[in-house]
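Enquirer: Before anything else, here's the structure in question.
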Amino acid sequence: MTVGSSKAKKEGVSEVRKAVKIILVILGIIFLGITVLAISFNLSMKPDSDREEKIRREADRYLPANFNDDFEIYDTLYDNMGNFEFEYAAKVRDIRSNTEFLVYPDAETEQMVDTYVSDTWSNELEEEMHQYVHRAFGESAVVYVY
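Per my numbering, the sequence shown starts with residue 38, numbered consecutively.
Structure, rendered in structure tokens:
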């Protein structure tokens, strides 16, 4: 073996090592980027406990002013995907009829509003339609009213 071929071999090995290092750095950066994106997405999906408490307090003031004492706040809803016109809402249940509805601040007026009437009508319509749908399509048919 000659000195020149040994030197060329070493240079070839060092170039391969350099290429492997560059590939590993690039893969590390990609992995780090994906990790940062996953963590930030996960954090953005979690509700803010202070804002949840604020909506509960506002709903607590709204309910006695607009309804009787037969209502309970049982949870909050955080709309992190923009499906509703609000970001946070209080979930409320009518104890007598078991109707569940939302109380939230209106985006335009910033006044508290609720979905009690629409949810009550949806429940009543669902009960009315239930018998007709089951008669027409069988017991396996499911009725949803929105």
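Glycine residues also receive a C-beta, built at the ideal position from the N, C-alpha and C atoms.
Any chance the segment 77 to 84 sits against the segment 93 to 112, with 3 or more Cβ pairs inside 8 angstroms?
Expert: No: the two stretches stay apart, fewer than three of their Cβ pairs being nearer than 8 angstroms.
Enquirer: Output the distance between the C-alpha atoms of residue 50 and residue 66, rounded to the nearest integer angstrom.
Expert: Taking the straight line from one Cα to the other gives about 24 angstroms.
Enquirer: Compare the beta carbon distance of residue 88 and residue 125 with 8 angstroms and say whether it is the shorter of the two.
Expert: Yes.
Enquirer: Pull up the distance between the alpha-carbon of residue 123 and that of residue 96, whole angstroms please.
Expert: Residue 123 and residue 96: Cα-Cα distance of roughly 14 angstroms.
Enquirer: Please state whether DSSP places residue 83 in a helix, a strand or coil.
Expert: If DSSP states are grouped into helix, strand and coil, residue 83 belongs with coil.
Enquirer: Hey, could you find the ends of the beta strand (DSSP E) residue 127 is sitting in?
Expert: Element bounds for residue 127: 125 to 131.
Enquirer: Considering residue 165, what are the terminal residues of the alpha helix (DSSP H) in which it resides?
Expert: Element bounds for residue 165: 153 to 174.
Enquirer: Using three-state DSSP, classify residue 72 as helix, strand or coil.
Expert: Residue 72: helix per DSSP, three-state reduction.
Enquirer: List the residues that DSSP assigns as beta-bridge partners of residue 149.
Expert: DSSP, once it has assigned bridges, lists 142 as partnering residue 149.
Enquirer: Taking the DSSP output, what are the residues bridged to residue 108?
Expert: Its beta-bridge partners are 131.
Enquirer: I'd like to know whether the C-beta atoms of residue 92 and residue 56 end up nearer to each other than 8 angstroms.
Expert: Against a cut-off of 8 angstroms, the Cβ pair of residue 56 and residue 92 comes out as no contact.
Enquirer: Helix, strand or coil for residue 99, going by three-state DSSP, please let me know.
Expert: Reduced to three states, the DSSP call for residue 99 is helix.
Enquirer: My guess is that residue 107 and residue 131 are in contact by the Cβ rule of under 8 angstroms, so how many angstroms apart are they, rounded?
Expert: Contact holds; Cβ gap of about 6 angstroms.
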